[in-house]
Amino acid sequence: MVENNYSYQVISEVPDQNILDALLHLYAELFEDAKLDFFVDRVQTKENLIIILCYHENELIGFKLGYRYNDHTFYSWVGGVLPRFRKQGIAQKLMELQHSSAKKKGYQKARTKSMNRFKPMMILNLKNGFEIVKIYTNDSGQTKIIFEKSLA
Numbered sequence: 001m002v003e004n005n006y007s008y009q010v011i012s013e014v015p016d017q018n019i020l021d022a023l024l025h026l027y028a029e030l031f032e033d034a035k036l037d038f039f040v041d042r043v044q045t046k047e048n049l050i051i052i053l054c055y056h057e058n059e060l061i062g063f064k065l066g067y068r069y070n071d072h073t074f075y076s077w078v079g080g081v082l083p084r085f086r087k088q089g090i091a092q093k094l095m096e097l098q099h100s101s102a103k104k105k106g107y108q109k110a111r112t113k114s115m116n117r118f119k120p121m122m123i124l125n126l127k128n129g130f131e132i133v134k135i136y137t138n139d140s141g142q143t144k145i146i147f148e149k150s151l152a
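Quick note, the sequence shown lines up with residues 1 to 152 if you use the UniProt record's numbering.
This is the structure we're talking about:
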């Protein structure tokens, strides 16, 4: 699918090595605390994987990745867009494609987590109908905010 000079790809399985390598490179570029082995493990072991990719002129510039949380809930785990391509509606489109794909697979809810330092992601979640359902502090001392929304 092409929209506004960006092309999007939906993958519902473990990606091939070329795509996985591109995803790892983008993930490492977007997140300073990226744990590449952890990322690969999740991609290779989680059920009902849905990966949405965004390309500009054959360059992977954004992605959104999630998987089965339980029978009724899809977990949107991680995603991002390169800084020079932000504020162009790409994250919004990635989310829409992910949610429509999850709904087609029979999920009734979407769930995600964020942290206060990712304010643009929190705002995007709230603008798209997510509600804050829980806040907790993990073992590393990070405050996590859990969001959920209906896919109906």
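From the three backbone atoms N, C-alpha and C, an ideal C-beta is built for every residue, glycine too.
query: Between V10 and L126, which are expected to be in contact by the criterion C-beta below 8 Å, what is the C-beta distance as a whole number of angstroms?
result: The pair is not a contact, with the Cβ atoms about 25 Å apart (cut-off 8 Å).
- prompt: Looking at Y107 and Q74, is the spacing between their C-beta atoms short of 8 Å?
  reply: According to the sequence provided, residue 74 is Phe. The question's Gln does not apply to it. Taking 8 Å as the cut-off, the Cβ atoms of F74 and Y107 count as close.
query: Whole-angstrom Cβ separation of S100 and F147, contact assumed at under 8 Å?
result: Between S100 and F147, the beta carbon gap of about 18 Å keeps them out of contact (Cβ cut-off 8 Å).
message: Under 8 Å: do the stretch 4 to 19 and the stretch 33 to 40 share three or more Cβ pairs, one atom per stretch?
response: The answer is no - the stretch 33 to 40 does not touch the stretch 4 to 19, with fewer than three Cβ pairs under 8 Å.
message: Can you list, in chain order, the residues of its chain with a C-beta nearer than 7 Å to that of I52? Leave out the 5 residues immediately preceding and following it.
response: Result list for I52: Y8, V10, F63, K64, L94, L97 and Q98, in chain order.
query: Can you tell which of F130, S140 and K134 has the C-alpha that lies nearest to the C-alpha of L151?
result: Nearest of F130, S140 and K134 to L151, Cα basis: F130.
Beta-carbon proximity of R42 to W77, cut-off 8 Å: For the 8 Å CB-CB criterion, R42 and W77 form a contact.
field: G80 vs L30 beta-carbon contact at 8 Å
entry: At a Cβ-Cβ threshold of 8 Å, G80 and L30 count as neighbours.
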